[in-house]
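Residue numbers (the working numbering): -7 to 225.
Cβ coordinates follow ideal geometry from the N, Cα and C atoms, glycine included.
Remember, it's a predicted structure, so these values are computed and weren't measured experimentally.
Beneath this line is the structure, given in structure tokens, with notes to follow.
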Amino acid sequence: MLCWCVLAFVAISCEESFVTPDPEARGLNYYPLKVGQYRIYDVTDIHYQNNVATKERFQMREWVADSFLDQTNALTYKIIRSIRPDAQAEWLDDSVMTVTKDHNRVILTKDNTRYVKMVFPVKEGNTWEPDVYNTRKLGNGKREQAKFAFVGQTYPLNNAVYDNTVMITFGEPPLLETKIDQREEVYAWNVGRIYRLFDRKELEECLMNCDPEKPFILDGHKRTEVLIEHGKL
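What follows is the structure, encoded as structure tokens:
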């Protein structure tokens, strides 16, 4: 009789300690993945060289085209990225990515390189290394950090207001005034990524034939991606 009581206690203890993680509580809905879903962005891409800007505008679509089990039996989603010059033009496929998601992280693979796009749970101030599965490192030999900020905040964008969002920031502000490095992504609950900013510039003092009130951009690249449409095909 005593043995049966001990076994019953062990069984109950194991059940209580093996609780399935709550996907919503961990923030998995900030990165939804379903076959057929798509997002369209207005993209502005600017390259700077000797204070001369070359600007390009186009639209980009990311479409979850298919899903399959990879060699490790993980559910993997195939995402096709397409571009077009404007809304009247046809989409042209640009690249293919794959994404896996579990209760701990989202891993995106592009050009045979893996990136940790998000970790769970989503909590204010939590950090991680996006390049932990690849060889990319900073000049000091360390890996760059990503960080959650403004978790659960509303975010106005393109005549819409998203009630529940999270921002991911990358790297640290440059110590030198001659450098700009601002990179961030914003994700909305049940929508996914709604905004991306990439802004890196090398500045120097304006000496001649330039506006002394504005920084002279020696070299740089600024890109914004703004969500304008999302749904399911």
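In the three-state reduction of the DSSP assignment, P148 falls in the strand class. R97 and Y22 have their C-alpha atoms some 12 Å from each other.
Scanning A81, T36, I72 for the CA closest to the CA of T90 turns up I72. By a beta-carbon distance limit of 8 Å, D62 does not contact V27. Their separation comes to about 15 Å. Where E16 is concerned, the enclosing alpha helix (DSSP H) starts and stops at 15 to 18. Contact between D155 and T161 does not hold, since the beta-carbon distance rounds to 21 Å and is not under 8 Å. In this structure, DSSP gives Y40 an extended state, which the three-state scheme calls strand. When secondary structure is reduced to three states using DSSP, Y107 falls in the strand class. In this structure E121 touches R135 by the C-beta definition: roughly 4 Å separates them, less than 8 Å. Between P13 and the set L84, P77, H95, the nearest pair of CA atoms involves H95.
Taking C-beta atoms as the reference points, N126 and K139 fail to come closer than 9 Å.
In the same chain as P207, and ignoring 5 residues on each side of it, the C-beta atoms closer than 7 Å to its own belong to L195, in chain order. Excluding its 5 nearest sequence neighbours in each direction, L130 has C-beta neighbours in its own chain below 7 Å: E136, listed in chain order. Beta bridge pairing from DSSP links W120 with A138.
Cβ contact annotation for V35 (same chain, cutoff 6 Å, sequence separation greater than five): F50, M52, E217, in chain order. Per DSSP, the beta-bridge partners of F190 are R175, R215. About 6 Å separates the Cβ atoms of F112 and G19, confirming a contact at the 8 Å cut-off. One thing to note: Y40 has its Cβ no nearer than 9 Å to the Cβ of D203. Taking all protein chains in view, the Cβ of R31 is crowded by 16 or more other Cβ atoms within 10 Å, so the residue is classified as buried.
Straight across, the Cα-Cα distance linking H222 with T101 is about 22 Å. Annotated as proximal: L25 and K93, with beta-carbon spacing under 9 Å. In terms of Cβ geometry, E116 and F142 form a close pair [threshold 9 Å]. Leaving aside the five residues that flank D37 on each side, the residues in its chain whose CB is nearer than 6 Å to its CB run, in chain order, E48, R215. For the options V114, D86, E54, the alpha carbon positioned closest to that of K224 is the one of E54.
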